[in-house]
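As structure tokens, the structure follows; a few thoughts come after it.
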Amino acid sequence: MGFNSPAMTELITELVAIAMILAILAVCLPVPVLGAVPGLHGEPSSRRPTAAYTVDIVVGHDVYFRPQPLHHDISKVVRVLAENYGANTLYVVYAGQQDFDSALLLFTLWDRIGKQFNVEVIPVVSLVNNTFGLQHRDYVLGSIDRSGTGIILDPRVPEVVAVYRDFVRKLDEAVKPEVMGIFEFNDFSIAWNVGTIPRLPDEVLAAWVSNLASETRARLAVTFQQPWGIGLPWLSGVDKVSLDTYGYIRDGDWDALEAYCRRAVDTYHEVDADLIILDDYGGKLEGWRQRKAADVFRRAGVTGLNMDLMIISAVAWDQKGEDFWSDLLVDGHYDGFYADAFDEVAAIYKEWSGGRPDEPEFN
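Quick note: the sequence shown uses our numbering, first residue 32, plus one each step.
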């Protein structure tokens, strides 16, 4: 199409007309206050209820996050979880499964595909990092547990701070998330409890959070918050938390679960609470437990739901010999040992989001 062609002339005429209309609207319509526009990068919005799943950035089944390639098609993962299992949000966890540059490319891909399916992607950056830790042993604080697997980096080391600040800045520029997870609490909690890392002073952890927060305009989130962590002073800048509720659902301790959720709701702007369909040893937590937990969450004022597919895929692999992700993605529906409990969660998610528990649409 040449510059003097009739088609180009018509296109230019249309563009000029559109520009004139936009100019008129700019004059006639009231100018909004920028900070009050819901949904802007880094601003709280009038949000739909969160219906989230937590996934490994490489869609694997290794909860120690050893270096590994991308295992499954991200577009299939997002589509199946959105269309068949009620997801409108995904927490995507980077814990050193690949180097920082590769992780940045993967996050960009997750974000782009998420937008195609109207799914918010919340990047989560963990101090667990085998790839970087294996290259820099003197930067290592300890490991997730006594197996020595799952390297946790030392947030006091200037080089660790520098590389993570650089990564968060690049991630913020690349995908402009509304929310970013800047601390994965569960692995730290495990390591503290078993003594594989030292107890760090509040000032050290506050400095870590502050350093990462300085590189992003996103609202800050913490994933798999523990009951003892509610209200910690070094998490005072956190806006959104995802609660680890496993022990309460496993034990049926509903009163304690409600009290935990209410404390979180009183402390943070947004609270997602965890549904979980199995225990650490492969036992099934039946669907009625998920239904009861969801009722407790509603009473407590929780704003969203979350379910950890990282632990589910790992336990299914280790305890049942199942490849959770391959089963889920081959036809869009998981048919394994925990299927009935997972289906109940999908129904709860659709109800929670204002829909109804329809039959799966993916094929």
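We put the beta carbon where it would ideally sit given N, CA and C, even for glycine.
In the DSSP assignment, the residues bridged to Pro154 are Val123. For Arg230, the three-state secondary structure derived from DSSP is coil. Boundaries of the alpha helix (DSSP H) around Val361: Phe355 to Asp362.
Scanning the segment 155 to 199 from its first residue to its last, the whole beta strand (DSSP E) runs of 3-plus residues come out as 171 to 174 and 182 to 184.
Secondary-structure assignment with DSSP links Asn337 through a beta bridge to Ala83 and Asp305.
Counting only residues of its own chain and dropping the five nearest sequence neighbours on each side, Ala113 has a CB closer than 8 Å to the CB of Asn119, Phe148, Asn149 and Val150.
When the five nearest sequence neighbours on each side are left out, the beta carbons in the same chain lying within less than 6 Å of the beta carbon of Met211 are those of Pro154, Thr247 and Ala249, in order along the chain. Annotated three-state conformation of Arg248 is coil, per DSSP. In the structure shown, Ile261 adopts coil according to DSSP, grouped into three states. When secondary structure is reduced to three states using DSSP, Leu202 falls in the helix class. Less than 7 Å separates the beta-carbon of Glu301 from that of Thr334. Annotated three-state conformation of Thr139 is helix, per DSSP. Looking at Asn337, Gly385 and Asp349, the one whose alpha-carbon comes closest to that of Phe373 is Asn337.
In the three-state reduction of the DSSP assignment, Ser273 falls in the strand class. In the three-state reduction of the DSSP assignment, Gly212 falls in the strand class, which pools E and B. In the structure shown, Val240 falls within a helical segment according to DSSP collapsed to helix, strand and coil. About 13 Å separates the beta carbon of Val108 from that of Val124, a gap too long to meet the 8 Å contact definition. The DSSP-derived three-state label of Gln128 is coil. Under DSSP, Val253 forms a beta bridge with Phe214 and Val272. Spanning the alpha carbons of Ala244 and Thr139 requires a straight line of approximately 20 Å. Contact between Tyr122 and Ala83 is confirmed by a C-beta separation of about 6 Å, below the 8 Å threshold. Look at Lys351 here: in three-state DSSP terms it is helix. The C-beta distance from Thr180 to Met341 rounds to 15 Å, too long to fall under 8 Å, and the pair is not in contact.
When Pro80, Gly127, Val111 and Arg110 are compared, the shortest CA-CA separation from Ile88 is found for Gly127. Each of Ile343, Asp132, Ala134 and Ala304 was checked against the Cα of Trp383, and the nearest Cα belongs to Ala304. When the five nearest sequence neighbours on each side are left out, the beta carbons in the same chain lying within less than 6 Å of the beta carbon of Arg320 are those of Ile280, in order along the chain.
Counting every other CB atom within 10 Å of its CB across the protein chains shown gives Pro229 a total below 16, marking it as exposed.
The shortest CA-to-CA distance from Pro232 to any of Arg329, Asp371, Gly314 and Asp185 is the one to Asp185. One thing to note: Phe255 has its Cβ no nearer than 7 Å to the Cβ of Asn161. One alpha carbon belongs to Leu274, the other to Val346, and they sit about 20 Å apart.
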